[in-house]
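Heads up, the thing below is written out as structure tokens.
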Amino acid sequence: MKILITGRPGSGKSTMVGRLRDYLEGKGLSVGGIITPEVRVGGSRWGFEVVDIASGRRALLASLETEGPRIGRYGVNLAAMDELAVPAIRRSLDEDDCLVIDEIGPMELKSQEFRRAVDEALNSDVLLIAAVHRRTLQSIKKREDIRVFVVDPEKRDRVYGRIIDLLGDYHGMR
């Protein structure tokens with residue numbers, strides 16, 4: 037099963053993915069993959085890191101000062117994706133019950149290796165929970181095994197409950 041979380045910026049996609057990750061780990065499932073928290077400097081967003089969930093290793097994914105392909109104001113560090121994120125995803129596909137990718141968006145998709153790793157994840161039997169940028173979603177959601185949930189601040193808890201119900205039916209985790 038593939039569970040994709042989407043919504044407007046600031047709607048709670050990453051928070052939802054984190055809650056689901058905590059839930060699954062609490063049920064005894066092994067969870068790996070990546071998260072991409074923002075980096076703030078002086079109260080303003082300066083960039084993003086990529087963090088390997090299993091090892092805790094981290095690298096700068098993008099920043100206002102990074103050289104590389106640009107997404108808006110941010111330069112993307114393709115080496116961070118290719119050398120940290122992609123191996124974390126592939127390792128999780130081999131070793132874990134659940135793969136988390138937060139997020140699949142224009143910044144991350146600048147890496148061709150990341151694109152391939154996402155395709156591998158979508159074609160695997162591993163449970164995938166991913167936050168997906170709205171524009172990216174259109175090319176992915178046509179698959180039958182994908183469930184898409186739209187998060188907004190007013191419906192967050194209801195959406196979380198629906199996903200937990202779905203996971204319970206899928207994995208017998210009630």
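Residue numbers for the sequence shown follow the numbering used here, beginning at 37 and rising by one. C-beta atoms are modelled at their ideal positions from N, C-alpha and C, and glycine is treated no differently.
Checklist entry - Hey, Asp-133 and Leu-163 are a contact pair by Cβ (cut 8 Å); roughly how many whole angstroms apart? => result 6 Å
Checklist entry - Is Val-154 helix, strand or coil by DSSP? => result helix
Checklist entry - So, helix, strand or coil for Glu-180, using DSSP? => result Coil.
Checklist entry - Looking at the structure shown, is Ala-90 part of a helix, part of a strand, or coil, going by DSSP? => result coil
Checklist entry - Within this structure, are the beta carbons of Val-184 and Leu-96 separated by less than 9 Å? => result no
Checklist entry - On the premise that Glu-156 lies in contact with Leu-129, defined as a C-beta separation below 8 Å, what is that separation, rounded to the nearest angstrom? => result 6 Å
Next on the checklist: Measuring alpha carbon to alpha carbon, tell me which residue in Val-53, Gln-148, Glu-139 and Gly-68 is nearest Gly-197.
Outcome noted: Closest option to Gly-197, Cα to Cα, is Val-53.
Next on the checklist: For Ala-98, tell me which candidate among Gly-46, Arg-179 and Val-86 has the shortest Cα-Cα distance.
Outcome noted: Val-86
Checklist entry - From Arg-81 to Lys-49, what does the alpha carbon distance come to, in whole angstroms? => result 17 Å
Checklist entry - Alpha carbon to alpha carbon, what distance is there between Phe-84 and Val-77? => result Those two C-alpha atoms are separated by around 11 Å.
Checklist entry - Tell me the DSSP bridge mates of Val-187? => result Answer is none; Val-187 lacks a bridge partner.
Checklist entry - Nearest CA to the CA of Asn-145: which residue from Met-37, Glu-131, Ile-107 and Lys-178? => result The sequence shown places Leu at residue 145, rather than the Asn named in the question. Here the closest residue by C-alpha is Ile-107.
Checklist entry - Excluding sequence positions up to five away, which residues of its chain have a Cβ less than 7 Å from the Cβ of Asp-181? => result Same-chain partners within the cutoff: Met-37 and Lys-38.
Item to check | Enclosing alpha helix (DSSP H) for Gly-62 [first to last residue] | outcome: Here the alpha helix (DSSP H) through Gly-62 covers 49-62.
Item to check | Which listed residue (Glu-149, Asp-161 and Val-195) has its alpha carbon closest to that of Asp-118 | outcome: Selected option, being the one with the closest Cα: Glu-149.
Item to check | Identity of the residues DSSP links to Tyr-206 by a beta bridge | outcome: DSSP, once it has assigned bridges, lists no residue as partnering Tyr-206.
Checklist entry - Can you name the start and end residues of the beta strand (DSSP E) that Thr-102 belongs to? => result From DSSP, Thr-102 is part of no beta strand (DSSP E); its letter is neither H nor E.
Checklist entry - If you draw a straight line from the C-alpha of Ile-70 to the C-alpha of Thr-172, how long is it? => result 17 Å
Next on the checklist: Does Leu-164 come out as helix, strand or coil in the three-state DSSP assignment?
Outcome noted: strand
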